[in-house]
Every structure is written in C-alpha cells, then in structure tokens.
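Taking my numbering, the leading residue of the sequence shown gets 110, the next gets one more, and so forth.
For glycine and all other residues, C-beta sits at the position ideal for the given N, C-alpha and C.
A quick write-up on the structure given underneath.
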Amino acid sequence: MRTFEGYQKGMNLGGWISQCRVYETQHYDSFIKEEDIKEIASWGVDHIRLPLDYNVIEEEDGTPIEENYKYIDNCIEWCGKYNLNLILDLHKTAGYVFDDIEGSEGFFDNDKLKDRFIALWDKLAAKYAKYSDRMAFELLNEIVDPGVALKWNALAKRAMETIRKYSKDAYILVGGINYNSVLSVPQLDPPMDDKIVYNFHCYDPQLFTHQSAYWQDFMPKGFHTEYPMTVAEYEKAVKDNHMPDHTTEIFRRAGVADMGIGFFDAIFAPAIEYAKKMNAPLYCGEYGVIDQAPADGTVNWYKDIHAAFEKHGIGRAAWTYKEMDFGLTQEHVDSVKEELIKLL
C-alpha cells in the first residue's frame, strides 16, 4: 500500500478554530500560539491536522470574516518554521455538523447548502493552493448517516474538482460514512488521481476510549473499563450496564476474542485491501483516549494501535494536543506523557 509521505505522525489542534468553547477573538488568540507548534515539533511528528469550522471564517449568511483567516495563515507560517506539514480539515460546514445529526438532516438534498460547501472550498483552495507542497486539504470531517454514501461521493467529487482548478498536486483527503469509520472506506469512489488519500478515524473499542463520555447517550455516567480485556469481558460490561448492542458490533466485525494488534489488523483489513486495490494511501485523521480512562490502559491502547499503524504504513494524527477531553498536555496523562509521545 502506498504511504502518505510527509504525513506519517501527526497531532490534531482540536478546539482552536473548531469546536470552540467560545467563538471569540480572545479564544483564537490564546488557545494555540507559536510555542505550542514548537513543542509539538519537538515530539518528532511530521505534520499537524488543523480542524476548521466554517463559522470562524464566515457569517451565517455566508459573508466572509476575512480577519479570521489570519489564524490559518499563522499556523501555516509556524508549521513552515518548524518543518511541519499541515492538513486543513473542514470540520464543520454550513448545514452539516457531525455532532448535530438532526440539524444536519437534509444537507445532501439541499442544493443551496451544497453549493455553499463548494464555494467555501473554492475560496480555501484559491487562497492556499500555493502551499500544496506542504499542505493537504481534508474535505469534511465526519459523514454520519450511512444512507448518504452515494450522495457524499458525488459531492466529494465536486469538491475535489474545485480544488483541482487551483492545484493539481495538493493531496486531498476523503473519508466515509458512519463517522468516518474505517469500515466505510471501501464505499468511497475510486480516486480521481494519485493525490487522493483515503481517510478514517479510529476510537475502537469505544467502550474503552470513550468511557464515561458525557456526550454519548448510551454511556453510563461513571462507567470505567480497562484495556486490554477480552471481548467476553467487554460484552459482559455492556450487558451489566444495560448498554445497546451496537456497542459490541465492532467486536463481531473483527472476529477476535482478545484485544491487541490483531484487533486493529482485523478492523483495518478491508480498508487496507481497498486502498491497495485503488493504489491510494490510507490515513487515520483521529485516534485517542478520553481523560476518564486509566493511564496505564491508555498506554496499552496506544501501543497496539501504533503497532498496527507502523505495520501497515498508515499515517495518522492523534486527537488531540490540548483539552477537548482527550488532550495529551493535560494533567491526566502527566505520568505517561513521555511514553505516549514515543507512540505517536
């Protein structure tokens, strides 16, 4: 399988100009500074993934907020200074937000919203295509509804064609349905050229990585578990805590009895096979463990997924640098931070 050269080990900057506590200048100016990029570079990574919400650079009526492009510009400058490549990830677009499923219904049947999505990519590509030797473009963060796979492929093609007006060389990342599941990669269209990268996210098993996550309706408050455990032990925890069956679906798909690199080999296998068939690189744009998980289990999980990434040549970016319940600079991982940095 082809590798995504220059984008093998990365770090997300979640919470800066995406999923913000407050969408205000004071936050943008203070959340990430040059010294943060310098620190990330010292960890031995080769790139940063920069999530961007449309409403940072556009009013709700589509009017550009030109002054806020400086935050993207600053990140590009800092990454250049510290020899890091950059992925610009459109995390949210007008009418489609991965964490507001009900509010996003109808996006793929709304020509006005789809045209606005394309127009935004037209502007971003026109402005930043000149950096295509060290900057890649990720079309949209996470497509949720499994029923829109064909519509998403069609819209993604339009966005790719728009970017190609400005750059024939820029890498373009596209992910699949069901929250960018690795299992959805084979439903993506064949790449339009050799600069298309198949993208996925991996937080499996979520029983471990999202334990006690307050935004997960099915997750009991105060629920804790370890990694690794056997599949039987995870299934018992689901039953004992009255969680829905879909929480164990990934184990059935993997067909393994124990956690370890074999689990990740199994769930990555269809995507790897498809990427090889299509001669496209495969990339994991997000992976990580919530701050509610035990530190030793977090290290164990990172060891296994890291081994799978290395084995198969899959580039990746950890979620995330700071805060956002997953931050690698937060107190909950102080005791194992150096170990985790080695496993990026």
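Taking the beta strand (DSSP E) that residue i falls in, what are its first and last residues?
i: E395; result: L391 to Y396
i: E186; result: Segment Y178 to K190 is the alpha helix (DSSP H) holding E186; no beta strand (DSSP E) there.
i: E247; result: M244 to E247
i: N121; result: K118 to N121
i: I141; result: Unbroken run through I141: none, as it is neither H nor E.
Going by beta carbon distance, what residues of the same chain come within less than 7 Å of residue i, once the five residues before and after it are set aside?
i: M338; result: M368
i: I141; result: L122 and W125
i: A417; result: I370, F373, D374 and F377
i: R362; result: L292 and I376
i: Y411; result: L449 and L452
i: R225; result: G171 and A203
To the nearest angstrom, how far is it from the Cα of residue i to the Cα of residue j?
i: G394; j: K451; result: 18 Å
i: D254; j: K239; result: 34 Å
i: K304; j: V283; result: 11 Å
i: E342; j: V445; result: 25 Å
i: K232; j: C129; result: 22 Å
i: D474; j: A389; result: The chain is shown from 110 up to 453; residue 474 falls before or after that span and cannot be answered.
i: E419; j: E186; result: 29 Å
i: A346; j: H355; result: 13 Å
i: N409; j: Y383; result: 28 Å
i: C188; j: Y116; result: 13 Å
i: Y205; j: K221; result: 12 Å
i: A203; j: Y180; result: 20 Å
i: S321; j: Q315; result: 10 Å
Going along the chain, which residues of its own chain have a beta-carbon closer than 6 Å to the beta-carbon of residue i, five neighbours each way excluded?
i: M301; result: M269
i: I196; result: R158, A245 and E247
i: F327; result: M352 and P353
i: I149; result: M120
Quick check on DSSP: helix, strand or coil for residue i?
i: D198; result: strand
i: T339; result: strand
i: K147; result: helix
i: V165; result: helix
i: A265; result: helix
i: H421; result: helix
i: G212; result: helix
i: V306; result: strand
i: I399; result: coil
i: H319; result: coil
i: L159; result: strand
i: Y450; result: This sequence places Ile at residue 450; Tyr is not what is there. In this structure, I450 counts as helix in the three-state DSSP scheme.
i: D489; result: What is shown of the chain runs 110 to 453, which leaves residue 489 out entirely.
i: I126; result: strand
Go through its chain and collect everything with a Cβ distance to residue i's Cβ below 8 Å, but skip five positions before and after it.
i: F435; result: G123, G397, V398, I399, D400, W428 and T429
i: I210; result: V253 and D254
i: H415; result: L452 and L453
For the alpha helix (DSSP H) that residue i lies in, which residues bound it at each end?
i: Y312; result: Neither: Y312 is in no alpha helix (DSSP H) and is coded neither H nor E.
i: G371; result: I370 to M387
i: I281; result: Segment I281 to G284 is the beta strand (DSSP E) holding I281; no alpha helix (DSSP H) there.
i: Y132; result: Note, Y132: premise wrong, no alpha helix (DSSP H); not H, not E.
i: A363; result: E358 to A363
i: F435; result: That residue, F435, is in no alpha helix (DSSP H); it is neither H nor E in DSSP.
i: Y237; result: D220 to Y237
i: K330; result: No alpha helix (DSSP H) contains K330, which DSSP labels as neither H nor E.
What is the C-beta distance between residue i and residue j, in whole angstroms, given that I count them as a contact (C-beta under 8 Å)?
i: P379; j: P299; result: Rounded, the Cβ-Cβ distance is 15 Å, inconsistent with contact.
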